[in-house]
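Heads up, the thing below is written out as structure tokens.
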Amino acid sequence: MRQKSFSIGPEDSPWEPADYNITWTDGNEYGRFRRVLRRDDHGLTIIARFIAPEGKAWKIVGRAPELGEEVYLLKGAYYDTQGRIVAPEGSFMFNAPGALHGGISTDMTALIHWCSGKPDDIVSTELIDFVARADAAP
């Protein structure tokens with residue numbers, strides 16, 4: 017099957033909220049927002065932005081789909097439970113097929129490519145109290 021080249025402009029693909037998003041006491045919506053860049057049987061490519069209220073973070077665990085997933089952190093970082101950075105901005109990760117993976121994020125934007133065209137299964141989402149450490153370098 018021959019694929020065609022294409023491009024998507026900034027307004028061509030809307031930001032879609034996740035089912036677990038919440039409206040906080042400040043009136044803003046927090047959670048995950050995604051823009052689908054490409055979808056076909058061989059791949060699903062998105063930009064995802066995770067946003068948490070001040071003093072909170074999203075702790076999300078997923079299981080990679082049947083052909084795995086590729087993640088590139090465009091902005092922000094993944095943290096461990098101690099508030100230390102475990103994957104800084106600019107990190108690339110490949111999560112093997114079926115791998116449990118995840119992290120803690122406060123304000124992060126990632127490019128995600130699901131190699132099988134199917135997103136990972138979300139195992140858990142939790143909004144937790146969280147403060148990044150000043151010495152958070154990995």
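First residue of the sequence shown: 17, per our numbering; consecutive thereafter.
Each residue gets a CB set at the ideal place from its N, CA and C atoms; glycine is no exception.
Just so you know, these numbers come straight off a predicted model, no measurement behind them.
> Given a threshold of 16 other Cβ atoms within 10 Å of its Cβ, counted over all protein chains shown, does Val87 qualify as buried or as exposed?
Replying inline: buried
> Would the beta-carbon of Cys131 fall within 9 Å of that of Gly84?
Replying inline: yes
>> Using the three-state DSSP reduction, which class does Trp31 fall into: helix, strand or coil?
In response: coil
>> If contacts are defined as beta-carbon pairs under 8 Å, then Asp137 and Arg79 qualify, I think. What distance do you get, rounded to the angstrom?
In response: 5 Å
>> Report the CB separation of Arg55 from Gly133 in whole angstroms; it is logged as a contact under 8 Å.
In response: 7 Å
> Hey, quick one: how far does the beta strand (DSSP E) through Val77 stretch, first residue to last?
Replying inline: Run containing Val77: 72 to 79, per the beta strand (DSSP E) assignment.
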